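Asks: Before anything else, here's the structure in question.
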Amino acid sequence: MCGIVGVFDCKTGTESLRPRILNMSKKIRHRGPDWSGIYSDDNIVIAHERLAIVDPQSGRQPLYTKDKTLVLAVNGEIYNHREIRKSLPGYEFLTQSDCEVILALYQEKGIDFLEDLNGIFAFALYDKKDGSYFIARDHIGIIPFYMGWDEWGNFYVASELKALEGVCNNIKEFLPGHYLHSKDGGYELKRWYKRDWERYENVKDNVSDIAVLRKALEDAVHRQLMSDVPYGVLLSGGLDSSIIAAVTKKFAAKRVESGDTQAAWYPQLHSFAVGLKGSPDLAAAQKAAEHIGTVHHEIHFTIQEGLDAIRDVIYHLETYDVTTIRASTPMYLMARIIKSMGIKMVLSGEGSDELFGGYLYFHKAPNPEAFHEETVRKLGKLHLYDCLRANKSLAAWGIEGRVPFLDKEFMDVAMRLNPADKMAKDGKMEKWILRKAFEDYLPESIAWRQKEQFSDGVGYSWIDTLKTVATLKVTDEQLANARYRFPINPPMSKEEYHYRSVFSEHFPSDAAAACVPSVPSVACSTPEALAWDKSFQNLNDPSGRAVASVHNMAYEEK
0 MCGIVGVFDC KTGTESLRPR ILNMSKKIRH RGPDWSGIYS DDNIVIAHER LAIVDPQSGR
60 QPLYTKDKTL VLAVNGEIYN HREIRKSLPG YEFLTQSDCE VILALYQEKG IDFLEDLNGI
120 FAFALYDKKD GSYFIARDHI GIIPFYMGWD EWGNFYVASE LKALEGVCNN IKEFLPGHYL
180 HSKDGGYELK RWYKRDWERY ENVKDNVSDI AVLRKALEDA VHRQLMSDVP YGVLLSGGLD
240 SSIIAAVTKK FAAKRVESGD TQAAWYPQLH SFAVGLKGSP DLAAAQKAAE HIGTVHHEIH
300 FTIQEGLDAI RDVIYHLETY DVTTIRASTP MYLMARIIKS MGIKMVLSGE GSDELFGGYL
360 YFHKAPNPEA FHEETVRKLG KLHLYDCLRA NKSLAAWGIE GRVPFLDKEF MDVAMRLNPA
420 DKMAKDGKME KWILRKAFED YLPESIAWRQ KEQFSDGVGY SWIDTLKTVA TLKVTDEQLA
480 NARYRFPINP PMSKEEYHYR SVFSEHFPSD AAAACVPSVP SVACSTPEAL AWDKSFQNLN
540 DPSGRAVASV HNMAYEEK
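In numbering that gives the first Met the number 0, the protein residues as written are 0 to 557.
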């Protein structure tokens, strides 16, 4: 996980912009504390803050072709880089960096190579031969990315909002699955990531194969274990993180870069769980860890420690979304402990609930079509919520997060399952098909544990206290007049008002505020899904407990 900042289309020359870019890049150095690099000429300036995971010795950035005509800065990991290298024997690679294949592919194919990449990325590539640039973001937005313009019309990109705040008058998110090529003229983003499974008609008659699903996730985890530094797994004790931890353990003894022929450099797999003492997650995580065989670390935090961290969490997460802040705070505190142990990369279970309809409100889906359409909507919004949380909570302490459920190839398998087979019905609980595929990896009590949202599972009193604190800090009158203080996305609850107030101190511009979503939700639903049940209509609570009748049900049949 790294950080990049770049400026293009320089209207005022780059001599004065180089020190500005260096200062902007320093604001995101937490993302890449291992090395700083910069390239500048008369047209552009690109700075890079590196977190060294693959090829720490020679993979510093920006990267160049041998003739120095192409310049590349990347935040990300290309998991299939070894296969790509083999397919391009004529290219002279200068490093072992996984990201260098982007230069080789561009030289071979021009800009038509993004589908060749299996990975997570946001990158800026500059072609000195014609002065053009090519900028792109990964398929689902696992890596954060923003763009903006200053008062002179200079065009900027950056890994985090904080680098652009105070510099750019106009700031926007660089959308996932999109690219920008300067030769096209203007700044219109073009979508490169498109899938047949986005339409229900293309999947409604499919046959679901549990064995294919299992193999696809095992392959995704295996791909994502490439690392030249110590790594671990996040283990909440829920289904998703437990599956990822168990599959990781299966492959962790061997070094994947050697084709699994050599012993791993760091053979002991460490797992990490966070929660208040006595929380549901901690007990479940301990049981899962004992079964899987990880070196397990149980990290406790107090409510006061969480409250004290809120301001920093909002600064690093760059959001005022209630669900994200609730869940990010324990994760942020845990990440610091992980960093202190020398772990630089962790695998996590984000994305499963969106793929398989795991949130409890999915029980109310009226039919397979509505169910599938909601999963597609949820995946399209991950970059605003869980991907943002997982990336920035960890990057705040220089840790890279990897999310195998959102592997590009695995997503195609999961989203082409028959939606009817994903639904909780006929005595089957949510995510039955995923549970069935991996039940032999896990204790029965974990494989068939009901969904707990992360912010709930770390301890219910955490959320209850956040609500109470907000009630004490924000008056009824302030909330009633919120639209005057915050005309962009006026807060809909006292808790959101409190977070928004802190956010506006860190990021005072309207442009920054507009980069954050603010929509009604029940238990993490999209607004569209509120129509599924009349009881949802007057609710606005992202906690899983909001769907009380579902949360209390027990599903025993398997």
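For every residue, glycine included, the Cβ atom is placed at its ideal position computed from N, Cα and C.
Small disclaimer: the values here were computed from a predicted structure and weren't measured.
CA-CA distance, R376 and E353?
Replies: Here residue 376 refers to the residue found at position 377 of the sequence shown. Here residue 353 refers to the residue found at position 354 of the sequence shown. Distance between the alpha carbons of R376 and E353: 9 angstroms.
Asks: Measuring alpha carbon to alpha carbon, tell me which of A413, H497 and P519 ends up nearest T474.
Replies: In the sequence shown, residue 474 corresponds to position 475, counting from 1. It is H497 whose Cα lies nearest to the Cα of T474.
Asks: Report, in whole angstroms, the separation of the C-beta atoms of A334 and I398, which I expect to be a contact under 8 angstroms.
Replies: Here the question's residue 334 lines up with position 335 in the sequence shown. Here the question's residue 398 lines up with position 399 in the sequence shown. With a Cβ gap of about 5 angstroms, A334 and I398 count as contacting.
Asks: Need the endpoints of the alpha helix (DSSP H) that I445 sits in, please.
Replies: Taking the sequence shown and counting its residues from 1, the one referred to as residue 445 is at position 446. Counting along the chain, the alpha helix (DSSP H) containing I445 begins and ends at E443 to A446.
Asks: Under the rule that 16 or more other beta-carbon atoms within 10 Å means buried, what is A479, buried or exposed?
Replies: In the sequence shown, residue 479 corresponds to position 480, counting from 1. With fewer than 16 other Cβ atoms within 10 Å, it is exposed.
Asks: State the DSSP-derived secondary structure class of R136, mapped to helix, strand or coil.
Replies: Within the sequence shown, residue 136 is the residue found at index 137, counting from 1. Strand, per DSSP.
Asks: Locate the beta strand (DSSP E) running through K171, then write down its first and last residues.
Replies: Locating residue 171 in the sequence shown gives position 172, counting from the first residue. Note, K171: beta strand (DSSP E), N169 to E172.
Asks: For E297, which three-state DSSP category applies?
Replies: Against the sequence shown, residue 297 aligns to sequence position 298. Reduced to three states, the DSSP call for E297 is strand.
Asks: What did DSSP end up calling V6 once you bin it into helix, strand or coil?
Replies: Reading the sequence shown from its first residue, position 7 is the one you call residue 6. Correct three-state label for V6: strand.
Asks: Taking the alpha carbon of E429 as the reference point, which residue from G357, V412 and L441 has its own alpha carbon closest?
Replies: For this step, residue 429 is matched to residue 430 along the sequence shown. Among G357, V412 and L441, the Cα nearest to that of E429 is on G357.
Asks: Taking only three categories from DSSP, how would you classify G258?
Replies: Position 259 of the sequence shown, counted from the first residue, corresponds to residue 258. The answer is coil: DSSP assigns G258 none of H, G, I, E or B.
Asks: In angstroms with no decimal places, state the Cα-to-Cα distance between S524 and N169.
Replies: Here the question's residue 524 lines up with position 525 in the sequence shown. Here the question's residue 169 lines up with position 170 in the sequence shown. When rounded, the distance between both Cα atoms is 30 angstroms.
Asks: To the nearest whole angstrom, what separates the beta carbons of I209 and A436, a pair I think is in contact under 8 angstroms?
Replies: Sequence index remark: in the sequence shown, residue 209 carries index 210 (1-based). Sequence index remark: in the sequence shown, residue 436 carries index 437 (1-based). Right, the Cβ-Cβ distance comes to about 5 angstroms (below 8 angstroms), so this counts as a contact.
Asks: Please look up how many angstroms separate the CB atoms of D149 and V166, rounded, as I've assumed it's under 8 angstroms.
Replies: In the sequence shown, counting from the first residue as 1, residue 149 sits at position 150. In the sequence shown, counting from the first residue as 1, residue 166 sits at position 167. That belief holds up - the Cβ atoms of D149 and V166 are roughly 6 angstroms apart, short of 8 angstroms.
Asks: What first and last residue would you give for the beta strand (DSSP E) that runs through Y155?
Replies: Residue 155 sits at position 156 when you count from the first residue of the sequence shown. Taken as a continuous stretch (DSSP letters only), the beta strand (DSSP E) holding Y155 covers F154 to A157.
Asks: Taking DSSP's pairing of strands, which residues face W594 in a bridge?
Replies: The chain is shown only over 0 to 557; residue 594 falls outside these bounds and no answer can be derived.
Asks: What residue does the beta strand (DSSP E) around W431 start on, and which one ends it?
Replies: By one-based count along the sequence shown, residue 431 stands at place 432. Looking at the DSSP string, W431 is not in any beta strand (DSSP E); the run it does join, the alpha helix (DSSP H), is W431 to F437.
Asks: So if DSSP puts S270 in a beta bridge, which residue, or which two residues, is it bridged to?
Replies: Taking the first residue of the sequence shown as 1, we reach residue 270 at position 271. V232 and H295.
Asks: If distances are taken between C-alpha atoms only, which option among V273, V53, I141 and N79 comes closest to L234?
Replies: Mapped onto the sequence shown, residue 234 falls at position 235. Minimum Cα distance to L234 is reached at V273.
Asks: So which of G89, G109, E107 and L71 has the shortest CA-CA distance to D97?
Replies: By one-based count along the sequence shown, residue 97 stands at place 98. When each option's Cα is compared against that of D97, the closest is L71.
Asks: Can F133 and D8 be called in contact, C-beta distance under 8 angstroms?
Replies: For the purposes of this step, residue 133 is identified with residue 134 of the sequence shown, where counting begins at 1. For the purposes of this step, residue 8 is identified with residue 9 of the sequence shown, where counting begins at 1. Going by C-beta atoms, F133 is not nearer than 8 angstroms to D8.
Asks: Find out if the Cβ-Cβ distance for the pair P143, K391 is shorter than 8 angstroms.
Replies: On the sequence shown, position 144 is the one that residue 143 refers to. On the sequence shown, position 392 is the one that residue 391 refers to. Yes, they are a contact pair.
Asks: What separation, rounded to the nearest whole angstrom, lies between the Cα atoms of Q60 and R49?
Replies: Your numbering for residue 60 matches position 61 in the sequence shown. Your numbering for residue 49 matches position 50 in the sequence shown. Near 7 angstroms, if we compare the C-alpha coordinates of R49 and Q60.
Asks: Apart from the five residues on each side of it in sequence, which residues of its chain come closer than 7 angstroms, Cβ to Cβ, to K338?
Replies: As a first step, residue 338 must be located in the sequence shown, where it is residue number 339. Counting only Cβ-Cβ distances below 7 angstroms, and skipping sequence neighbours, we find W396, G397 and I398.
Asks: Considering only residues of the same chain and omitting the five flanking positions on each side of K493, which have a CB-CB separation below 6 angstroms?
Replies: Position 494 of the sequence shown, counted from the first residue, corresponds to residue 493. Closer than 6 angstroms at Cβ, skipping near neighbours: A469, T470, V473 and L478.
Asks: Along the chain, which unbroken stretches of the alpha helix (DSSP H) at least 4 residues long are found entirely within the region 360 to 387?
Replies: Counting whole runs of 4 or more residues, the region 360 to 387 contains the alpha helix (DSSP H) stretches 367 to 380.
Asks: May I ask which residues mark the beginning and end of the alpha helix (DSSP H) holding H497?
Replies: As a position in the sequence shown, residue 497 is number 498, starting the count at 1. Counting along the chain, the alpha helix (DSSP H) containing H497 begins and ends at K493 to H505.
Asks: Ordered along the chain, which non-local residues of its own chain (more than five positions away) have a Cβ less than 6 angstroms from that of L383?
Replies: Residue mapping note: residue 383 aligns to position 384 of the sequence shown, counting from 1. So the list reads P516, once near-sequence residues are dropped.
Asks: Let me know the beta strand (DSSP E) ranges lying completely inside the region 57 to 119, each 3 residues or longer, listed in chain order.
Replies: Whole beta strand (DSSP E) segments, 3+ residues: 69 to 77.
Asks: If contact is defined by three or more beta carbon pairs under 8 angstroms, each pair taking one atom from either stretch, is the region 83 to 100 in contact with the region 363 to 377?
Replies: No: fewer than three Cβ pairs fall under 8 angstroms.
Asks: Over the uninterrupted beta strand (DSSP E) stretch that includes Y459, give me the two end residues.
Replies: Locating residue 459 in the sequence shown gives position 460, counting from the first residue. Segment Y459 to K472 is the alpha helix (DSSP H) holding Y459; no beta strand (DSSP E) there.
Asks: Please state whether DSSP places I342 in a helix, a strand or coil.
Replies: On the sequence shown, position 343 is the one that residue 342 refers to. If DSSP states are grouped into helix, strand and coil, I342 belongs with coil.
Asks: Tell me the rounded alpha-carbon separation between I242 and S131.
Replies: Here residue 242 corresponds to residue number 243 of the sequence shown, with the count starting at 1. Here residue 131 corresponds to residue number 132 of the sequence shown, with the count starting at 1. Distance between the alpha carbons of I242 and S131 is about 44 angstroms.
Asks: Would you list the residues sitting across from D126 in a DSSP beta bridge?
Replies: Locating residue 126 in the sequence shown gives position 127, counting from the first residue. The partner list for D126 (beta bridge, DSSP) reads L69 and S131.
Asks: Could you tell me if P486 is buried or exposed, where buried requires 16 or more neighbouring beta carbons within 10 angstroms of its beta carbon?
Replies: Numbered from its first residue, the sequence shown carries residue 486 at position 487. Per the 10 Å Cβ criterion, exposed.
Asks: For a test of the three-state rule: what should DSSP assign to F190, helix, strand or coil?
Replies: Within the sequence shown, residue 190 is the residue found at index 191, counting from 1. The amino acid at residue 190 is misidentified as Phe; the sequence shows Arg. R190: strand per DSSP, three-state reduction.
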